[in-house]
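Take the sequence shown: its position 12, counting from 1, is numbered 138 in the working numbering, and each next residue is one higher.
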Amino acid sequence: MKKYFFLIYILIVSSCASKISKEDISYLNGYWEISKVTFPDGSSKDYKVNSSIDYIKVDNLKGYKKKVQPTLNGSYITTNDAECFTIFINESVFEIYYKNNLSEWKERIVKLSKDHFAIMNEEGIIYDYKKYIPINVEK
């Protein structure tokens, strides 16, 4: 029953979502935080606060994603680690392919707008992201 719920959910998300165009991919550039994770059984987990966020940079369907930690003054703590990726268009579906020395995996872009996007990994887990708004506490 849970599998049917998940399949229906995916169909609804797919049919209600507006079509993604190649030009929309530029919306991925910037800082993003996870807002919700939906599991294949239909359960979900909301994220109200994130200690780390994702910085994504895309140019000509190639890019990278890295984890950063925001600070209270509006800057970010980052490392040199990044996950490089390539975006392929496969029958009007945009898929992000990652490859490093240890593994390869892909994610499908389910939704994409300037303030929100969602991806589904190969296990059927959907990650909803919202644009990160920095906190700046001045003295």
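Note that the Cβ used here is the ideal one computed from N, Cα and C, for glycine as well. Please read all numbers here as calculations on a predicted model, not as lab measurements.
For Pro166, there is no enclosing beta strand (DSSP E), as DSSP marks it with neither H nor E. A contact is defined here as three or more CB-CB pairs under 8 Å, and the stretch 223-240 fails this definition with respect to the stretch 192-201. Taking Glu249 as reference, the option from Glu149, Asp167, Pro260, Glu159 with the minimal CA-CA separation is Asp167.
Across the set Ile259, Tyr253, Ser152, the C-alpha of Ser152 shows the shortest separation from the C-alpha of Lys183.
In this structure, Ile179 lies near Tyr258, with their beta-carbon atoms less than 8 Å apart.
Take Lys192, set aside five residues on each side of it, and the residues of its chain with a beta-carbon closer than 6 Å to its own are Tyr181, Ala208, in chain order. Residue pairing by DSSP places Lys183 opposite Tyr190 in a beta bridge.
Here the C-alpha atom of Lys225 lies approximately 24 Å from the C-alpha atom of Thr164. The C-beta separation of Phe211 from Tyr190 comes to about 7 Å, placing the pair in contact by the 8 Å criterion. Distance between Lys237 and Lys256, taken at the CA atoms: about 11 Å.
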